[in-house]
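Q: Chains as they are written, first to last, in our numbering: chain B, 26 to 399; chain R, 895 to 1001. Have a look at the structure that comes next, please.
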Amino acid sequence: MSGVAVYGVGTSRFAKQPERSLAELAWDAVLEALADAAVDRVDAAYVGTVFGPPGVAQRVLHTLGIVDVPVVTIENACASGTTALHEARAAILAGRYETVLVLGIEQLTAAFTGAIHPEPTDPEGRSGMALPSLYAMSAARYLHAGWVTPEQLALVSVKNHRHALANERAQYGGHHTVAEVLGSRMIADPLTLLQCCPISDAAAAAIVGPLRDERRDVPIRASQLRSGALWDQRAEHVWGFELVRDVAGAAYAEAGVGPAEVDLFELHDAFTIGEIVTTEALGLAEAGGGGELVSSGHTALGGKQPVNPSGGLLSRGHPLGATGVAQVAEVVWQLRGEAGDRQVDGARIGVVETMGGGVSGIDGNGAVVAVLGG
Amino acid sequence: MPEPLLDGARCTVCGYAVAFPRPRCPACGAAVAPARFGPEGTVWSATVVRVAVPGRTPPYGLAYVDLDDGPRILAHTEGDAPVPIGSRVRLVASGGDGDVVVSAAPG
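Quick look at the structure:
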């Protein structure tokens, strides 16, 4: 059977750590991934990053002696890391490389102190549309429709911060109550501070190559990527729903599995509403049923289909380019049974979903859905 | 003073409306013609931004507004609370170098 597998993964700690250089973050992630994969050289590197700076891939890789190979840098907003994985897999399937490094890297504290600045060359960005307000529009719409309650939104934050307590790499674990989440500072109505992911500095790496007969390898059964369709006055769904639904549908078809067969999900909870909408788009519930998934415990550790056992973006932190590869690392650890106190019992199939946004007029810059394991 | 309207384009074939210049219809590829939209529409969703954004003084209100027979636009709103979803609003400033602003439409 032809295919591609993850041989090894690694990440730095996720934190606001401006005192560490981008190279140092990469050292942690890449050296761990190489050791985990038991390889000492790669044929190519695909590097996902958003705020760079220019040349960051070669600048950090040469300090590890990763030179004289093709290096491709990819920017696809929050989906940059998983887009790098998607393209690395495609190159391996095409027979171009045997062993490829996928690296996601970002140092957001070098660029921002608070929320990521809206992009002034974008019409909505120029008009002051920050990412929290984009997601707030979806949350307000869901609340208006009665598709979610404020308490259910808060429960996503409570759950993911609790999950992160068992993840020593995560930025902010914690025992929070619904009241604390709803009572934290308002960022963009109705989203409060504890419903928004923090900026973060980190790197995450994966070594991928052709399927082979190695027990610890984790097959990538499917990976799908596309940009959003026009999102405009014709749209009935909130921003991003249809893109994730369609990309997920293609990924499930490629993998030959349905959402009910998936044991865990690492998905794009940049804001609490993001997890609600995405669980619906991934087929765990009908549209409007995502709130019940979290209030029933279905998506909590110990529930039937845990979502974001790592703590997700809300708690691990969201260093844009590193996020997707960190999601892959979590699923790899889970499928190998190496996730410690946050292990999903008997996990066999895991799904990664990453959603990038910021360009107005479309349903997302890009979404990646990958199915691993099985 | 003339009523503010929003300059954009409409597809000559499928009728798709967009609030910005386009070289062809992004929905079907056919030719577009200049069009003006507004002045009234319905709020699709709304929020108030309460964090620092470069060049902005929080809090400021934002709304997605579906202009009647026109595009969905992002507009600034007045006051310190999100404007109600489903409410009727009217353009009070139509952009250009500044923001698009709406306020509650008169009964």
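We put the CB at the ideal spot given by N, CA and C, even for glycine.
Among H169/B, R237/B and A230/B, which has the Cα closest to the Cα of I979/R?
A: It is H169/B whose Cα lies nearest to the Cα of I979/R.
Q: Let me make sure I understand the geometry here. Which of V97/B, V81/B, L236/B and F137/B has the alpha-carbon closest to that of A946/R?
A: F137/B
Q: Considering Cα atoms alone, identify which of T108/B, V94/B and V357/B is closest to E100/B.
A: T108/B
Q: Quick one: is R918/R near chain B, going by C-beta distance under 8 Å?
A: R918/R does not count as touching chain B.
Q: Rounding to the nearest angstrom, what Cα-Cα distance links V319/B and V263/B in this structure?
A: 19 Å
Q: Taking the alpha helix (DSSP H) that F266/B falls in, what are its first and last residues?
A: F266 to A280
Q: By the DSSP assignment, the beta strand (DSSP E) with G315/B in it spans what residues?
A: Unbroken run through G315/B is the alpha helix (DSSP H), G315 to S320; no beta strand (DSSP E).
Q: State yes or no: is the C-beta of Q330/B within less than 8 Å of the C-beta of V287/B?
A: yes
Q: List, from N- to C-terminal side, the alpha helix (DSSP H) runs of 4 residues or more that fit wholly inside the region 128–153 of chain B.
A: 148–151
Q: Determine the chain B residues that contact S939/R at a beta-carbon separation under 7 Å, and present them in chain order.
A: Per Cβ cutoff of 7 Å: M162, A165 and R166.
Q: In whole angstroms, what is the alpha-carbon distance linking R194/B and L961/R?
A: Rounded to the nearest angstrom, the gap between the Cα atoms of R194/B and L961/R is 47 Å.
Q: With DSSP as the reference, identify every bridge partner of N101/B, one or two as the case may be.
A: C103/B
Q: Considering just the uninterrupted stretch of the beta strand (DSSP E) at Q249/B, what are its terminal residues?
A: Element bounds for Q249/B: V243 to R251.
Q: Figure out for me which residue from H142/B, Y160/B, A54/B and D61/B has the closest Cα to the Cα of F76/B.
A: Answer by Cα proximity: H142/B.
Q: Could you give the DSSP three-state label for E291/B: helix, strand or coil?
A: If DSSP states are grouped into helix, strand and coil, E291/B belongs with the strands.
Q: Measure from the alpha carbon of V31/B to the alpha carbon of each residue in I232/B, W256/B and L190/B, then state which is nearest.
A: I232/B
Q: Within the same chain, show all residues whose beta-carbon is closer than 7 Å to that of I387/B, passing over the 5 residues directly before and after it, in chain order.
A: Within the same chain, I387/B has close Cβ partners S252, G253, A254, L255 and W256.
Q: For Q258/B and chain R, any beta-carbon pair shorter than 8 Å?
A: yes
Q: State the beta-bridge partners of M211/B as determined by DSSP.
A: T217/B
Q: Given a threshold of 16 other Cβ atoms within 10 Å of its Cβ, counted over all protein chains shown, does A392/B qualify as buried or as exposed?
A: By the 10 Å Cβ count, A392/B comes out buried.
Q: Please return the same chain residues whose Cβ sits closer than 6 Å to the Cβ of D366/B, not counting the five positions on each side in sequence.
A: A191
Q: For C908/R, which residues from the same chain have a beta carbon less than 7 Å from its beta carbon, with the 5 sequence-adjacent residues on both sides left out?
A: So the qualifying residues of the chain are C919, A921, C922 and A924.
Q: Just the chain B side, please: which residues come within less than 7 Å of V926/R by C-beta, in chain order?
A: Ordered by position in chain B, no residue passes the 7 Å Cβ test against V926/R, which lies about 14 Å from the chain.
Q: Can you find a heavy atom of the ligand COA that lies under 7 Å from the Cβ of L178/B?
A: As far as ligands go, the structure on display features none, and thus does not contain the ligand COA.
Q: Please state whether DSSP places A228/B in a helix, a strand or coil.
A: strand
Q: For L289/B versus P235/B, is the C-beta spacing smaller than 8 Å?
A: With contacts defined as CB atoms closer than 8 Å, L289/B and P235/B fail to qualify as a contacting pair.
Q: Label R259/B either buried or exposed according to how many other C-beta atoms from any shown protein chain fall within 10 Å of its C-beta, with 16 as the threshold for buried.
A: exposed
Q: Output, in sequence order along the chain, the residues in the region 199–217 of chain B whose CB is closer than 9 Å to any CB in chain R.
A: R210, M211, I212, A213, D214, P215 and L216
Q: Against S158/B, what residues of chain R qualify as contacts under a CB-to-CB distance less than 8 Å, listed in chain order?
A: T941, V943 and L956
Q: Since P143/B meets chain R, which of its residues come closer than 7 Å, beta carbon to beta carbon?
A: Chain R residues near P143/B: V947.
Q: Tell me, please, whether the CB atom of P965/R is closer than 8 Å to any CB atom in chain B?
A: yes
Q: To which residues does DSSP link A332/B through a beta bridge?
A: It should be noted that the sequence gives Val, not Ala, for residue 332/B. Answer is F290/B, bridged to V332/B.
Q: Using a Cβ-Cβ distance cut-off of 8 Å, determine whether G322/B contacts chain R.
A: So no, G322/B is outside the interface.
Q: What does the alpha-carbon distance come out to for the pair A140/B and L178/B?
A: 20 Å
Q: Can we say the region 126–133 of chain B touches the region 41–55 of chain B, given the rule of at least three CB pairs closer than 8 Å?
A: yes
Q: Looking only at its chain, what residues have a beta carbon closer than 6 Å to the beta carbon of A957/R, apart from the 5 residues adjacent to it on each side?
A: V937, A940, A969, T971 and V977
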